[in-house]
Ligand SMILES: NC(=O)c1ccc[n+]([C@@H]2O[C@H](COP(=O)([O-])OP(=O)(O)OC[C@H]3O[C@@H](n4cnc5c(N)ncnc54)[C@H](OP(=O)(O)O)[C@@H]3O)[C@@H](O)[C@H]2O)c1
């Protein structure tokens, strides 16, 4: 099934973002070929927004898929896509931000990223890894880290910059010193975790909220099946003759956010 032309939102940076994005995080990390094949197929079906991160180990595979999609004429250039990647916590230091994005761009084989996000408002010691202990957490100097994120945008390496997993308090603190406000806050949002206070705050400040884990996360690392087992989702699905996942994926879009699917 081919998707209709994807609806878009205009971010506070003035850039347009397709509202439906395909996530590329897997745990354990899937082989490159699997991710590349999935992304090419998604482009063929009409997806134009892809979400990766240095943490996910999917940047190389996503980059290969984009190059292949251009070669095969599925898209005429990379500019037709909206690609997000993220700064991992081990690079949450002012001196490491621009080099971390440059490394991501090399891995992706891209000259610029559409959206660069601070993955978590936390700094970690050591090397990139999915699982970490509380001893690995160290202090973060957010004003200087954000200044470096702004530099990524002014250098043209990122068209927009934003954050992920930020609370109202963390955003308010950031807005006190930001020259460029974050364009996006990517957080967990679904019918049983609607984030109303955060969505209202972001709406007031012109920050777009992107929803991750729209079906919950019945994963190895975290999450439960509480979303798909939610009685209200079941009831709506039955009354509409749709699957629970189909109903659930529709609900966040009614809350004026965008959604990362897989
Ligand atoms: N910024 C962040 O901190 C952050 C955090 C998490 C995710 N993300 C982004 O968001 C993307 C999506 O994340 P996600 O947590 O939603 O992970 P996901 O692995 O895409 O999906 C989560 C769960 O939903 C289930 N599911 C998906 N489609 C379904 C369907 N049609 N019917 C029934 N169950 C279904 C999956 O089951 P199966 O495993 O059986 O497919 C999986 O257990 C990620 O790839 C990543 O790009 C960002």
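Residue numbers (the numbering used here): 1072 to 1333.
Just so you know, even glycine gets a beta-carbon here, dropped at the ideal spot from N, CA and C.
None of the values given here were measured: they were computed from a predicted structure.
What's the gap between the Cα of residue i and the Cα of residue j?
{"i": "residue 1285", "j": "residue 1259", "result": "7 Å"}
{"i": "residue 1319", "j": "residue 1289", "result": "14 Å"}
{"i": "residue 1123", "j": "residue 1159", "result": "11 Å"}
{"i": "residue 1214", "j": "residue 1191", "result": "15 Å"}
{"i": "residue 1082", "j": "residue 1254", "result": "6 Å"}
{"i": "residue 1250", "j": "residue 1169", "result": "17 Å"}
{"i": "residue 1115", "j": "residue 1222", "result": "34 Å"}
{"i": "residue 1195", "j": "residue 1206", "result": "9 Å"}
{"i": "residue 1325", "j": "residue 1315", "result": "In this predicted model, residue 1325 has a pLDDT of only 39, less than 50, meaning its place in the structure is not dependable; the value taken from the coordinates is given anyway. Cα-Cα distance, rounded: 16 Å."}
{"i": "residue 1176", "j": "residue 1136", "result": "14 Å"}
So is the beta-carbon of residue i under 6 Å away from any non-hydrogen atom of ligand 1?
{"i": "residue 1283", "result": "yes"}
{"i": "residue 1122", "result": "yes"}
{"i": "residue 1286", "result": "yes"}
{"i": "residue 1289", "result": "yes"}
{"i": "residue 1175", "result": "no"}
{"i": "residue 1256", "result": "no"}
{"i": "residue 1227", "result": "no"}
{"i": "residue 1235", "result": "yes"}
{"i": "residue 1134", "result": "no"}
{"i": "residue 1094", "result": "yes"}
{"i": "residue 1171", "result": "no"}
Spell out the partners DSSP gives residue i in its beta bridges.
{"i": "residue 1370", "result": "Here the chain comprises residues numbered 1072 to 1333, so residue 1370 is not present and cannot be evaluated."}
{"i": "residue 1089", "result": "1079"}
{"i": "residue 1208", "result": "1195"}
{"i": "residue 1155", "result": "1122 and 1186"}
{"i": "residue 1287", "result": "1285"}
{"i": "residue 1279", "result": "1255"}
{"i": "residue 1094", "result": "1122"}
{"i": "residue 1164", "result": "Paired residue(s): none; residue 1164 is not in a bridge."}
Along the chain, where does the alpha helix (DSSP H) that runs through residue i open and close?
{"i": "residue 1224", "result": "1213-1225"}
{"i": "residue 1276", "result": "1267-1276"}
{"i": "residue 1241", "result": "1239-1248"}
{"i": "residue 1139", "result": "1130-1142"}
Please report the residue range of the beta strand (DSSP E) in which residue i lies.
{"i": "residue 1233", "result": "1229-1235"}
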